[in-house]
Amino acid sequence: MITVPQLFFAYFAVAMTVLSLLVITAKNPVNSVLWMLALFFHIAGLYLFLNAEFLAAVQLILYAGAILVLFLFVIMMLNVKDEIIGKRFIKGWPVGIALVMSILAVIYFPISRLIQGPAGQYTIEAIRAETNSKVLGRVLYTDYLFPFEVASLILLIAIVGAMVLAKRRA
Amino acid sequence: MVPLNWYIILSAIIFLIGVAGFLTRRNVFIMLMSIELMLNAVNISLVAFSHYLQDMRGQIFVIFIITVAAAEAAIGLAIIVSLFRNKQKMHADEIAEMRG
Amino acid sequence: MINYILIPVLPLAAFVINIIFGKFFFKEKSHWIAILAVFGSFVLSVITFAEVAAGKTINYDAFSWIVSGSFNVSFGLLIDQLTAIMLIVVTSVSLLVHVYSVGYMHGDKGYYRFFSYLSLFTFSMLMLVTANNLLQLYFGWEAVGLCSYFLIGFWYEKKSAADAGKKAFIVNRFGDFGFGLGVIMIFLFIGAINYTDIFANISTLQGKTITMLGHDFDLITVIALLLFCGAVGKSAQIPLHVWLPDAMEGPTPVSALIHAATMVTAGVFMVARFNPVFSLSEVAMNTVAITGAVTSLFAATIALVQNDIKRIIAYSTVSQLGYMFLACGVGAYGAGVFHLFTHAYFKALLFLGAGSVMHAMGGELDIQKMGGLRKYMPVTFWTFLIASLSIAGVPGLAGFFSKDEILWLAYNGGAVGKTVWLMGTLVAGLTAFYSFRIIYLAFFGKFRGTHEQEHHLHESPTSMTLPLVVLAIGALAAGWIGIPALLGGNNWVGHFFEPVLGHPHVHGTHAEEWMVVGISIAVAFTGILISTIFYLWKPQIPVLIGEKFKGVYTTLWNKYYVDEFYDRIIVQPAFWIAKNVLVGITDAKIIEGIVNGVPKLIGSFGEKLRKLQTGYVQHYALSMAIGLFVILTLVLIAGTR
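Protein chains in written order, with the working numbering: chain A, 1 to 170; chain B, 1 to 100; chain C, 1 to 641.
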């Protein structure tokens, strides 16, 4: 019996697969970025499906809103025109596709026989009692405070690095 | 109910599409975006686990992954910019100076 | 105690001083240090001999040398009757040779080196005879071999001298290999290598056998024969006799000291020292006796036709050494050592006399080119005559008493004894013959050399004639310590050796003893008579005989072709193996192959690995993906089974 959630999931799955294929096969990089944007929207929808509202919002704001915009900035700044004329794939592309197919075959078997591990304490009802953001915040700032600080350091490095690398030589 | 392994297989498929894109495209931008694709696939898998195992740690991990992905995208683009400035080339199979 | 240690140490000190300072400080005066040292050793040896004759024996461990598990070796001295006699022989002959060398080696550019080597040799020989364990004996044994190499090849720029030195050392090594095996076997089966322990425990090995190549051999026989190998090499018995005639390339004093009186007698000394071991094995004793007798006959026949004066005396030495081994082989160790004692004096005298003749003739060695020298060199002539009479066994002189003792005791030695007695008697005749051949050809008749040589003929300086005279006294009187009871004496030396060397059984009657003595005297005089006929009265006879028996003559003249035989069988194959196998294959191909091949292998491996670095990022990513695939397969698929 196919339930409604399963139908929803089926739609998401098909759409995401098609969109990601379009991302990697587009000729114009700008087109590729736009397909990616659509993909991110679907991913955000999937997160909502999985009761991760905060993450859905973060995904849209951060990934779609910041990173993709950055991509577009750089693509347009670098003004690649002859891109449309050149070849898309490298010379040995069948090798890559074959390898990917074999990895898929290898992964499929174990995953279809997946056994779930022990459940934690944050049931859906418990999360719904307080909001997802609150629970996430509580766990993040108590148990995972140190990685949080380190993440901020990583962002600092990224800022400094990007400036150093892209600086125009005087 | 949607079984857990469906989510995982979906994540695997998107990840492998990202790998395929990285291994086969010439344009460096598309290669970078394949990397982002891979990271997102992993995110899906983590959030699915978090939901089904009723543990918040999956979502915490996703936050960190998104952070790192942002940092790495920034640096990657900076590298492409400086590459373009020095070589005027945009294709991965034309840049082979470090061959031994 | 210090006196005894000083006996070998004084010459060692002289060696060290001379070899370090001789070239620059002493030069022409280096002989003083050496002579003083040896004289000191001689005096101490005489004092020691007197003490031993009064009954004292010294067996003293000075300090512990090697302590390794159950292998304990001390540096020690054993001075008993046998050692005491050897000390007298070594130091007295060494002293006289030192004095002689002052005149003989005058003006030689290696003067200081000669005396330092002589001192080193004296030290080594003294170490050999005073050792109280096998390791020290072996040390002395090898050291005298080394000094022999130095001294034979003293004039090293001359190729034949250098070759002779090498030959001596290498042939000795063959014998020393067997000797070393014997020492090892003694240690394995008895557990100690000092004489006291060996002689106390050797009888426990009687009857034991050792299995080699599937056959059982009596253990003591094997040990004794292995030890005898060393004696064969060192004392130039068949088959390792080939080095001694070639060793005549060295200066004549060296021949007198090393190849007459001391080093070559080390083999006899060793067999005598180990008489408890040899006495327990009849096979070994017979081997020793027969080897001695055969060598004696072999060398005497070769000496009959040689023309080089030193070579004749060298073969004579080999022959007389055969006599000594003959004696040891029939159990008459005391007689053998007694002959060693007398032989030292008359043989050294013969060599030094030959050196005197060579000195006068400007280095000429061929007796066919000499003649009538007794007019020009009377002292040399008379001393040489005394020595020849002694070696021929003329009654009253030293050689008569010692040789006679050996022949009488050999006669008493059973079937083997009688056989070797016959051979020994024949050799006595031959010895008399060729000894007088030298006398007649060199000192009588007309001078057959060049006019140049005739002008320079003169008697040698006092430094050379004085030792000749002293040695002549020895050649005359040395035998008087062993006058047998038959002739009215008390055989002092036989009784002197009894505690250490035992006394063989004497079955024969007085009548038989007179018969043996009579036969020896008759044979000696026959030899002298025939020699006189051939070389003094009718010199054309030997020439006719030589022509009639040309084959025999040529074989004897070529020393039975033994050297050529060894060359073909051993030396040439060794060279061939060295050149083609060892250099051609192992060195050029295998070692070079490895030494060059390993870097080449690494290089080619590296070359191939280099191709992996293509420079394309996607190729690197591809290898990562392949690795991922492999790991996933291994973990997810293979791991679950």
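Each residue gets a CB set at the ideal place from its N, CA and C atoms; glycine is no exception.
Going by beta-carbon coordinates alone, are residue 42/C and residue 95/C separated by less than 7 angstroms?
yes
Reference residue 47/C, options 377/C, 87/C, 14/C and 409/C, closest by Cα:
87/C
At least one CB of chain C closer than 7 angstroms to the CB of residue 64/B: is that the case?
no
So is residue 615/C in contact with chain B if we call contact Cβ pairs under 7 angstroms?
yes
Select from the region 42-63 of chain A all residues with a C-beta closer than 8 angstroms to any C-beta belonging to chain B, and list them in chain order.
43, 46, 47, 50, 51, 52, 54, 55, 58, 59, 62 and 63
Am I right that residue 457/C and residue 360/C are in contact with their C-beta atoms under 8 angstroms? What's the rounded C-beta distance?
5 angstroms
Can you list the residues of chain B that residue 145/A reaches, using a CB-CB cut of under 7 angstroms?
Residues of chain B passing the Cβ test: none, with the nearest at roughly 11 angstroms.
Between which two residues does the alpha helix (DSSP H) holding residue 176/C run?
159-190
May I ask you to list, following chain order, the residues of the region 15-36 of chain B that have a beta carbon less than 7 angstroms from some beta carbon of chain C?
19, 22 and 23
Rounded to whole angstroms, what's the CA-CA distance from residue 268/C to residue 212/C? Just pull it up for me.
28 angstroms
Under 7 angstroms, Cβ to Cβ, is there at least one residue of chain B near residue 632/C?
no
Residue closest to residue 501/C, alpha-carbon to alpha-carbon, out of 128/C, 71/C and 85/C
85/C
Is there a Cβ from chain A that is less than 7 angstroms from the Cβ of residue 625/C?
yes
Given this structure, state the Cα-to-Cα distance separating residue 87/A from residue 627/C, to the nearest angstrom.
28 angstroms
Count the other CB atoms, across all protein chains shown, that sit within 10 Å of the CB of residue 146/A; report buried if there are 16 or more and exposed otherwise.
exposed
Give the DSSP bridge partners of residue 25/B, in chain order.
89/A
Neighbour-count burial assignment, residue 569/C, 16 or more Cβ in a 10 Å radius
exposed
Any Cβ of chain B within less than 7 angstroms of the Cβ of residue 76/A?
no
Please name the residue in 397/C, 400/C, 346/C and 441/C whose C-alpha comes closest to that of residue 371/C.
441/C
Is the Cβ-Cβ distance between residue 669/C and residue 249/C less than 7 angstroms?
An answer regarding residue 669/C cannot be provided, because it is not within the stretch 1 to 641 covered by chain C.
Which chain B residues sit within Cβ distance under 8 angstroms of residue 636/C?
Residues of chain B passing the Cβ test: none, with the nearest at roughly 12 angstroms.
In the DSSP assignment, the beta strand (DSSP E) including residue 65/C goes from what residue to what residue?
58-68
Below 9 angstroms on C-beta distance, what does residue 92/B contact in chain C?
616, 617 and 618
Measuring alpha carbon to alpha carbon, tell me which residue in 10/B, 22/B and 78/B is nearest residue 46/B.
10/B
Run through DSSP, which three-state label would residue 221/C get?
helix
Do residue 100/A and residue 19/B have their CB atoms nearer than 7 angstroms?
yes
Give a yes or no on contact between the region 474-492 of chain C and the region 106-117 of chain C, applying the rule of three or more CB pairs nearer than 8 angstroms.
no
Give me the chain B residues within the contact set of residue 17/A, using Cβ-Cβ distance strictly less than 9 angstroms, ordered along the chain.
10, 13, 14 and 17
Coil, strand or helix - residue 503/C by DSSP:
coil
Nearest neighbour of residue 436/C, chosen from 534/C, 105/C, 56/C and 621/C [CA to CA]
534/C
If you check the beta carbons only, do residue 98/C and residue 34/C fall under 7 angstroms apart?
yes
Using a Cβ cut-off of 7 angstroms (strictly closer), state whether residue 78/B contacts chain C.
no
Just the Cα atoms here: how many angstroms apart are residue 140/C and residue 234/C?
12 angstroms
Does the pairing of the region 215-224 of chain C with the region 276-293 of chain C give three or more beta-carbon distances under 8 angstroms?
yes
DSSP three-state assignment for residue 247/C, whether helix, strand or coil:
helix
How would you label residue 241/C, buried or exposed, when you count the other beta carbons within 10 angstroms and need 16 or more for buried?
buried
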